[in-house]
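What follows is a short report on a single structure.
Chains as they are written, first to last, in the numbering used here: chain A, 77 to 188; chain B, 803 to 918.
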């Protein structure tokens with residue numbers, strides 16, 4: 077079964093607005109990671125948040141983790157057209173040997 | 803930063819032939835690499851874990867004789883798709899685990915395989 081479910085599946089916003097993506101998972105994790113993928117390209121690592129952390133920032137990115145609800149969110153503030161991409165959460169499961177299970181992804185489109 | 807390359811970036815082959823894809827960690831040594839496949843507009847699915855000096859560990863449903871993985875050195879893992887068929891057409895992406903990096907995986911740019 078799918079470990080990570082993301083919503084929304086697609087998100088279209090105007091440049092300058094904030095974008096929020098959510099990820100839910102089912103089992104215990106070591107950490108949760110967010111990646112960006114431009115069309116037809118590889119993945120770019122954005123941020124890693126450990127199971128004992130609740131919030132993490134990196135530039136315009138803010139990630140939260142709620143292990144009681146088994147959910148995480150990625151907030152991109154002041155979005156730019158260059159942020160247009162697919163965003164995936166990936167969970168590193170407890171005892172999983174660093175294997176990542178990817179969510180379904182959110183396609184973000186930032187319009188000028 | 804940690805860089806992972808893949809070669810080739812794109813390959814087209816005839817049905818029944820074998821195709822080898824290379825994954826290299828350029829500026830670090832990786833004892834563990836991972837192979838994923840991604841169908842259009844879908845998420846990444848882990849195929850196997852490649853460990854240097856030992857046999858790869860395959861995920862359930864992935865045929866090990868179909869997808870041969872060799873991790874011959876600390877900077878190179880190869881995936882060979884044997885007797886490729888059109889349904890093997892996909893985007894194959896590798897990643898390498900950076901030691902001491904708090905479990906961060908660095909991904910290659912991917913290889914687009916098209917089997918005619």
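All C-beta atoms, glycine included, are put in the ideal place defined by N, C-alpha and C.
**Asked** Given a limit of 9 Å on CB to CB distance, which residues of the stretch 827-859 of chain B reach chain A?
**Response** 834, 836, 838, 840, 843, 844, 845, 846, 847, 848, 851, 859
**Asked** Is the Cβ-Cβ distance between residue 881 (chain B) and residue 826 (chain B) less than 8 Å?
**Response** In the second chain, residue 881 (chain B) corresponds to position 79, counting from 1. In the second chain, residue 826 (chain B) corresponds to position 24, counting from 1. No, they are not a contact pair.
**Request:** Might you give, ordered along the chain, the residues of its own chain that have their beta carbon closer than 8 Å to the beta carbon of residue 884 (chain B), omitting 5 neighbours on each side?
**Result:** Taking the first residue of the second chain as 1, we reach residue 884 (chain B) at position 82. Excluding positions up to five away in sequence, the list reads 820, 867, 868, 869, 870.
**Message:** Quick check: the Cα distance between residue 177 (chain A) and residue 895 (chain B), rounded to an integer number of angstroms?
**Reply:** By one-based count along the first chain, residue 177 (chain A) stands at place 101. By one-based count along the second chain, residue 895 (chain B) stands at place 93. Each residue's Cα considered, the two are about 14 Å apart.
**Request:** Taking only beta-carbon positions, decide if residue 112 (chain A) is within less than 8 Å of chain B.
**Result:** Along the first chain, read from residue 1 onward, the residue named residue 112 (chain A) stands at position 36. No, its Cβ sits nowhere closer than 8 Å to a Cβ of chain B.
**Item:** Contacts around residue 914 (chain B), its chain only, beta-carbon distance under 6 Å, and the 5 residues preceding and following it disregarded
**Value:** Locating residue 914 (chain B) in the second chain gives position 112, counting from the first residue. Excluding residues within five positions, the ones whose Cβ falls inside 6 Å are 812, 893.
**Prompt:** Where does the unbroken beta strand (DSSP E) through residue 841 (chain B) begin, and where does it stop?
**Reply:** Looking up residue 841 (chain B) in the second chain gives position 39. Taken as a continuous stretch (DSSP letters only), residue 841 (chain B) belongs to no beta strand (DSSP E), as it is neither H nor E.
**Prompt:** Distance, Cα to Cα, residue 862 (chain B) vs residue 92 (chain A)?
**Reply:** By 1-based counting over the second chain, the position of residue 862 (chain B) is 60. By 1-based counting over the first chain, the position of residue 92 (chain A) is 16. So the alpha carbons of these two residues sit roughly 43 Å apart.
**Prompt:** Name the chain A residues whose beta carbon is nearer than 8 Å to that of residue 895 (chain B)?
**Reply:** As a working note, residue 895 (chain B) is residue 93 in the second chain. By Cβ distance, chain A contributes 118, 119.
**Item:** Where the beta strand (DSSP E) through residue 101 (chain A) begins and ends
**Value:** What you label residue 101 (chain A) is simply residue 25 of the first chain in a count that begins at 1. Note, residue 101 (chain A): premise wrong, no beta strand (DSSP E); not H, not E.
**Request:** Using a Cβ-Cβ cut-off of 8 Å, state whether residue 899 (chain B) counts as contacting chain A.
**Result:** Residue mapping note: residue 899 (chain B) aligns to position 97 of the second chain, counting from 1. Yes, contact with chain A.
**Asked** Along the chain, which unbroken stretches of the beta strand (DSSP E) at least 3 residues long are found entirely within the stretch 115-176 of chain A?
**Response** 119-126, 131-134, 137-142, 147-152, 161-169
**Message:** Rounded to whole angstroms, what is the Cα-Cα separation between residue 860 (chain B) and residue 138 (chain A)?
**Reply:** For this step, residue 860 (chain B) is matched to residue 58 along the second chain. For this step, residue 138 (chain A) is matched to residue 62 along the first chain. Taking the straight line from one Cα to the other gives about 34 Å.
**Asked** Thinking just about the alpha-carbon of each residue, which of B:814, B:856, B:853, B:807 is nearest to the one in residue 918 (chain B)?
**Response** Here the question's residue 918 (chain B) lines up with position 116 in the second chain. The shortest C-alpha separation from residue 918 (chain B) is found at B:814.
**Request:** Taking the CB atoms as reference points, tell me whether residue 86 (chain A) and residue 183 (chain A) lie closer together than 8 Å.
**Result:** In the first chain, residue 86 (chain A) corresponds to position 10, counting from 1. In the first chain, residue 183 (chain A) corresponds to position 107, counting from 1. Against a cut-off of 8 Å, the Cβ pair of residue 183 (chain A) and residue 86 (chain A) comes out as a contact.
**Request:** May I ask you to list the residues that DSSP assigns as paired with residue 86 (chain A)?
**Result:** Counting from 1 along the first chain, the entry for residue 86 (chain A) is found at position 10. Residue 86 (chain A) pairs with A:183.
**Asked** Is residue 175 (chain A) close to chain B, meaning its C-beta is less than 8 Å from at least one C-beta of that chain?
**Response** Translated into positions along the first chain, residue 175 (chain A) becomes position 99. Yes - at least one Cβ of chain B is within 8 Å of the one on residue 175 (chain A).
**Asked** With burial defined as no fewer than 16 other Cβ atoms inside 10 Å of the residue's Cβ, what is the status of residue 188 (chain A): buried or exposed?
**Response** For this step, residue 188 (chain A) is matched to residue 112 along the first chain. By the 10 Å Cβ count, residue 188 (chain A) comes out exposed.
**Asked** Since residue 168 (chain A) meets chain B, which of its residues come closer than 7 Å, beta carbon to beta carbon?
**Response** Counting from 1 along the first chain, the entry for residue 168 (chain A) is found at position 92. Simply 905.
**Message:** Taking CB distances under 8 Å as the criterion, tell me whether residue 147 (chain A) reaches chain B.
**Reply:** In the first chain, the residue the question calls residue 147 (chain A) occupies position 71. Judged by the 8 Å Cβ criterion, residue 147 (chain A) is not in contact with chain B.
**Prompt:** Does residue 107 (chain A) get closer than 8 Å to chain B when you measure Cβ to Cβ?
**Reply:** Start at 1 with the first residue of the first chain, and residue 107 (chain A) comes out as number 31. Yes, residue 107 (chain A) counts as interfacial toward chain B.
**Prompt:** Which partner residues of residue 882 (chain B) appear in the DSSP bridge assignment?
**Reply:** Position 80 of the second chain, counting from 1, holds the residue named residue 882 (chain B). For residue 882 (chain B), which the question treats as bridged, DSSP gives the partners B:822, B:870.
**Message:** Does any residue of chain B have a CB that is nearer than 8 Å to the CB of residue 180 (chain A)?
**Reply:** Within the first chain, numbered from 1, the residue matching residue 180 (chain A) stands at position 104. Judged by the 8 Å Cβ criterion, residue 180 (chain A) is in contact with chain B.
**Message:** Just to confirm the assignment, what range does the beta strand (DSSP E) spanning residue 932 (chain B) have?
**Reply:** Within the shown structure, residues of chain B are numbered from 803 to 918, placing residue 932 (chain B) beyond reach of any answer.
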